[in-house]
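Residue numbers (the numbering used here), protein chains in the order written: chain A, 439 to 452; chain B, 64 to 320.
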């Protein structure tokens, strides 16, 4: 089963 | 003082259609170089990034950097009040709490203005790293929209597999399964109909159909769409907006549990 990841896991928070 | 004018309302209407399913509101950051909007959808799975360059506007003036938080539903309602061939001027004073949209008919005989309250949005800005993607696919945007719509009938998620031979879109669920393979165009007569693949390494990634379908609302903006993919990073779906700029959607992949 695949799980949806969040976009914030990939980009730095400015 | 901020003032930006486009000779034709159509493009702005299309841009709003391309974002309003994903975003309820967004902050338009205005500077000398143009207008930028970056916002995550409510569930923080995707990110929309819109860039409109100042030099492509028919008039552009931005004395001080300005961030305007707008309700995109309201903005879409206001833009519906413009005829497609109306000139649109967006105006705001420095530190104002409202923005004005002015529509002018081609014969200058009808002028309307709509004032909208600005919102104070506490939105996070994400830093998007420059990435060399393993696969970049350019294909007709209508074809991409069609595939996303067709495959969404079979599953909540879609697998995109890109090799140097072509790109394959697959979905499987209780009803059955679907596969659509597109080969790279061998003979490009019309550039807008071409499928072009630049591949460093093959990539297979899984994405939620719901978001891909939301991105395809940008189809009327451009004949071609560009998909950029690398293992374990978000997909980038990019539509160019003629010479005005681009809209990019970033979508986090689905990962194996």
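Yeah, the Cβ is synthetic: ideal placement off N, Cα and C, and Gly gets one too.
Return the bridge partner residues of residue i from the DSSP annotation.
| i | result |
| --- | --- |
| residue 10(B) | Lying outside 64 to 320, the shown extent of chain B, residue 10(B) is not represented and no answer is given. |
| residue 309(B) | 114(B) and 303(B) |
| residue 203(B) | 287(B) |
| residue 177(B) | 164(B) |
| residue 103(B) | 110(B) |
| residue 172(B) | None, per the DSSP bridge assignment. |
| residue 66(B) | 124(B) and 154(B) |
| residue 224(B) | 231(B) and 267(B) |
| residue 97(B) | 94(B) and 116(B) |
| residue 318(B) | 441(A) |
| residue 451(A) | 189(B) |
May I ask which residues mark the beginning and end of the beta strand (DSSP E) holding residue i?
| i | result |
| --- | --- |
| residue 155(B) | 150-155 |
| residue 278(B) | Not the beta strand (DSSP E): residue 278(B) falls in the alpha helix (DSSP H), residues 272-278. |
| residue 90(B) | 88-94 |
| residue 259(B) | 259-262 |
| residue 241(B) | 240-246 |
So the candidates are the options; which of them puts its Cα closest to the Cα of residue i?
| i | options | result |
| --- | --- | --- |
| residue 126(B) | 156(B), 318(B) and 169(B) | 156(B) |
| residue 66(B) | 134(B), 96(B), 89(B) and 232(B) | 96(B) |
| residue 231(B) | 258(B), 74(B) and 86(B) | 258(B) |
| residue 109(B) | 171(B), 169(B) and 273(B) | 273(B) |
| residue 186(B) | 295(B), 79(B) and 87(B) | 87(B) |
| residue 240(B) | 158(B), 103(B), 214(B) and 150(B) | 214(B) |
| residue 191(B) | 199(B), 224(B), 312(B) and 284(B) | 312(B) |
| residue 216(B) | 136(B), 124(B) and 236(B) | 236(B) |
| residue 94(B) | 297(B), 116(B), 139(B) and 158(B) | 116(B) |
| residue 145(B) | 167(B), 256(B), 154(B) and 263(B) | 167(B) |
| residue 323(B) | 69(B), 173(B) and 90(B) | Since the first residue shown for chain B is 64 and the last is 320, residue 323(B) is missing from the structure and cannot be characterised. |
| residue 279(B) | 73(B), 77(B) and 71(B) | 77(B) |
| residue 137(B) | 179(B), 195(B), 99(B) and 90(B) | 179(B) |
| residue 148(B) | 169(B), 234(B) and 129(B) | 169(B) |
| residue 106(B) | 119(B), 85(B) and 114(B) | 85(B) |
| residue 128(B) | 113(B), 143(B), 119(B) and 92(B) | 92(B) |
| residue 397(B) | 250(B), 222(B) and 218(B) | Beyond the ends of chain B as shown, which are 64 and 320, falls residue 397(B); an answer cannot be given. |
| residue 182(B) | 294(B), 162(B) and 143(B) | 162(B) |
| residue 266(B) | 316(B), 153(B) and 158(B) | 316(B) |
On the premise that residue j lies in contact with residue i, defined as a C-beta separation below 8 Å, what is that separation, rounded to the nearest angstrom?
| i | j | result |
| --- | --- | --- |
| residue 290(B) | residue 300(B) | 6 Å |
| residue 441(A) | residue 318(B) | 6 Å |
| residue 207(B) | residue 288(B) | 5 Å |
| residue 261(B) | residue 203(B) | Not a contact, Cβ separation roughly 17 Å. |
| residue 90(B) | residue 309(B) | At roughly 18 Å, the Cβ-Cβ gap does not stay under 8 Å, so residue 90(B) and residue 309(B) are not in contact. |
| residue 343(B) | residue 269(B) | Residue numbering for chain B in the displayed model covers 64 to 320; residue 343(B) lies beyond these limits and cannot be assessed. |
Going by DSSP, what residue range makes up the alpha helix (DSSP H) through residue i?
| i | result |
| --- | --- |
| residue 138(B) | 135-143 |
| residue 78(B) | 73-82 |
**Message:** Along the region 93-125 of chain B, where does the CB come closer than 9 Å to a CB of chain A? Name the residues.
**Reply:** 103, 104, 106, 107, 108, 109 and 110
**Request:** Report the residues of the region 171-200 of chain B with a CB closer than 9 Å to any CB of chain A, ordered along the chain.
**Result:** 187, 188, 189, 190, 191 and 192
**Message:** Closer than 7 Å between beta carbons: that is the criterion. Which residues of the region 268-296 of chain B meet it against chain A?
**Reply:** 269, 271 and 296
**Prompt:** Quick one, which residues of the region 212-231 of chain B are near chain A if we go by CB-CB under 8 Å, in chain order?
**Reply:** If the cut-off is 8 Å between Cβ atoms, the region 212-231 of chain B has 220 near chain A.
**Asked** Using a Cβ cut-off of 7 Å, which residues of the region 298-320 of chain B contact any Cβ in chain A, in chain order?
**Response** 313, 315, 316, 317, 318, 319 and 320
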